[in-house]
Structure formats: structure tokens, C-alpha cells
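K.L.:
This is the structure I want to talk about, given as C-alpha cells.
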Amino acid sequence: DAIIRKAPSADLWPGQTDESEVGFSYAEVDRILFRLVDKRRSIDEVVARVDAYGCPMVEITGVEPPLQPDVYPLMRRLLATGKTVLIETGGHRSIADVPEGVIRVMDIKCPGSGESAKNDWENLHRLTARDQVKFVIATRADYEYARQVVARYALAGRVTAVLFSPVHGVLDARTLADWVLEDSLPV
Numbered sequence: 267d268a269i270i271r272k273a274p275s276a277d278l279w280p281g282q283t284d285e286s287e288v289g290f291s292y293a294e295v296d297r298i299l300f301r302l303v304d305k306r307r308s309i310d311e312v313v314a315r316v317d318a319y320g321c322p323m324v325e326i327t328g329v330e331p332p333l334q335p336d337v338y339p340l341m342r343r344l345l346a347t348g349k350t351v352l353i354e355t356g357g358h359r360s361i362a363d364v365p366e367g368v369i370r371v372m373d374i375k376c377p378g379s380g381e382s383a384k385n386d387w388e389n390l391h392r393l394t395a396r397d398q399v400k401f402v403i404a405t406r407a408d409y410e411y412a413r414q415v416v417a418r419y420a421l422a423g424r425v426t427a428v429l430f431s432p433v434h435g436v437l438d439a440r441t442l443a444d445w446v447l448e449d450s451l452p453v
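One rule links them: number in this note's numbering = place in the sequence shown (from 1) + 266.
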């Protein structure tokens with residue numbers, strides 16, 4: 267019951283929530299996406315709704331945004347209004363068509379997720395200095411995998427942030443922090 271009621275969040279640090287980082291509640295994001303996708307609202311209508319909130323930053327997330335054809339013109343329009351635009355992606359679909367200027371927050375799936383074979387490794391070559399890479403780590407094996415990927419692709423020097431997040435309720439954050447500190451990882 268507590269899991270069902272807990273708001274989705276990466277829990278990157280104590281008190282951190284996805285909603286506070288994005289500046290919108292999940293309920294607000296759901297309403298915007300409902301208008302755009304389910305109700306087929308125009309991009310103009312969605313941008314007007316976003317503008318009404320007065321937030322300078324918009325993060326597009328949800329069911330793999332790169333699969334949604336309307337997300338590309340939406341991102342361009344949001345950029346044109348002066349917003350900082352982020353897109354969060356699972357990393358298994360190409361980000362090649364994401365407009366320049368959009369900050370990509372890309373997951374790299376670790377073996378513990380059961381999804382690591384789906385990573386689109388070409389995406390790592392598409393990242394810019396503004397982007398972020400995120401690993402969600404469940405075990406020491408996941409940590410070692412993430413550490414090797416960071417080194418192999420020199421991610422620490424190529425993107426704004428490399429994020430290591432423990433799987434909530436599976437890996438203690440202190441344990442992950444100890445591993446990172448022991449290895450002096452720049453994450």
C-alpha cells in the first residue's frame with residue numbers, strides 16, 4: 267500500500283522528488299499529456315497551458331517520449347518560447363531526432379533491470395555536454411556494469427551529469443555512495 271501511494275521519484279538525495287525538480291505535479295503532467303495525446307489537443311493549446319503555469323523549465327517524460335510523433339514539434343515550440351526543455355528517455359530508442367537545445371536525460375539500463383540488452387549504444391555518441399546519463403542500480407554487479415560504461419564512453423567528461431541512483435527499497439543509498447567514494451567516481 268505504501269508503494270502504491272508513494273509518488274514516483276528517483277530519490278537521488280534525501281527529500282528530492284521528481285515533481286519538485288520538474289516544477290509540475292504528476293497530476294498536472296498527466297492532464298497536459300491527456301490533452302495532447304488522448305484528446306488530440308493542438309500543440310498550440312498544450313504550449314498555452316504550459317505557459318499558464320509560468321514555469322521556465324519543462325521536462326517531457328512518460329511512456330518513452332521518442333515514440334510519440336507529436337513530441338518533436340512540441341519540443342521545438344517549447345524551445346521557441348524560451349523554455350528550458352528536458353526529455354527523459356529509457357535509452358533504448360534513438361534520440362537522433364531530438365531537437366538541438368533539448369537536454370536529454372537518458373537511462374542506461376543495468377543488467378538487474380532485465381532490460382540492458384535493449385540499450386541503444388549509438389545514443390551515447392549523440393549526447394552533448396548539456397545532457398545527463400542515469401543508471402538505476404540494484405546490485406554490486408549493476409554498479410560494476412555502470413562503472414565500466416562510464417569509463418568506456420568517458421561519460422564524466424562528455425555530459426553535464428552522470429547519475430547513479432539506487433533502486434528504492436533494494437539497494438541502500440549509503441552502500442552505493444560508499445562504492446562511488448571508494449572508486450572516486452565522478453558521478
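Idealized CB from N, CA, C, for every residue including glycine.
In its own chain, which residues sit with a C-beta less than 6 Å from the C-beta of LEU345, not counting the 5 before and 5 after it?
P.N.:
Excluding residues within five positions, the ones whose Cβ falls inside 6 Å are VAL351, GLY367.
K.L.:
Starting from the N-terminal side, write out each stretch of the beta strand (DSSP E) that is 3 residues or longer and does not extend beyond the stretch 311-393.
P.N.:
Fully enclosed beta strand (DSSP E) runs of 3 or longer: 323-326, 350-355, 369-373.
K.L.:
For the beta strand (DSSP E) that VAL415 lies in, which residues bound it at each end?
P.N.:
Note, VAL415: premise wrong, no beta strand (DSSP E); alpha helix (DSSP H) at 406-418.
K.L.:
Quick check on DSSP: helix, strand or coil for ALA395?
P.N.:
Here ALA395 sits in coil by DSSP.
K.L.:
Could you tell me which residues DSSP puts in a beta bridge with LEU429?
P.N.:
BP columns for LEU429 point to LYS400.
K.L.:
Does the Cβ-Cβ distance between LYS400 and LEU437 come in under 8 Å?
P.N.:
For LYS400 and LEU437, no; Cβs fall outside 8 Å.
K.L.:
If we ignore side chains and look at the alpha-carbon of each, how far apart do GLN334 and HIS391 end up?
P.N.:
Roughly 22 Å between the two C-alpha positions.
K.L.:
If you draw a straight line from the C-alpha of ARG424 to the C-alpha of ALA395, how long is it?
P.N.:
Rounded to whole angstroms, ARG424 to ALA395 spans 5 Å at the Cα level.
K.L.:
Enumerate in chain order the residues of its own chain whose CB-to-CB distance from PRO365 is below 6 Å, with the five nearest sequence positions on each side excluded.
P.N.:
If we look at PRO365 and ignore the five residues flanking it on each side, its Cβ neighbours are MET341, ARG342.
K.L.:
Which of the three DSSP states, helix, strand or coil, is assigned to GLY251?
P.N.:
The first residue shown for the chain is 267 and the last is 453, placing residue 251 beyond what the model contains.
K.L.:
So what does DSSP say about VAL453, is it helix, strand or coil?
P.N.:
It is coil, neither helix nor strand.
K.L.:
Can you list, in chain order, the residues of its chain with a C-beta nearer than 6 Å to that of THR327? Leave out the 5 residues immediately preceding and following it.
P.N.:
Closer than 6 Å at Cβ, skipping near neighbours: GLU354.
K.L.:
Thinking ILE403 and ALA412 are a contact (beta carbons under 8 Å), I'd like their distance in whole angstroms, please.
P.N.:
Confirmed, Cβ separation roughly 6 Å.
K.L.:
Are GLY357 and MET372 close, meaning C-beta to C-beta below 8 Å?
P.N.:
Contact: yes.
K.L.:
Using 8 Å as the threshold, is the C-beta distance between SER360 and ASP397 below it?
P.N.:
No, the pair does not count as a contact, with Cβ atoms beyond the cut-off.
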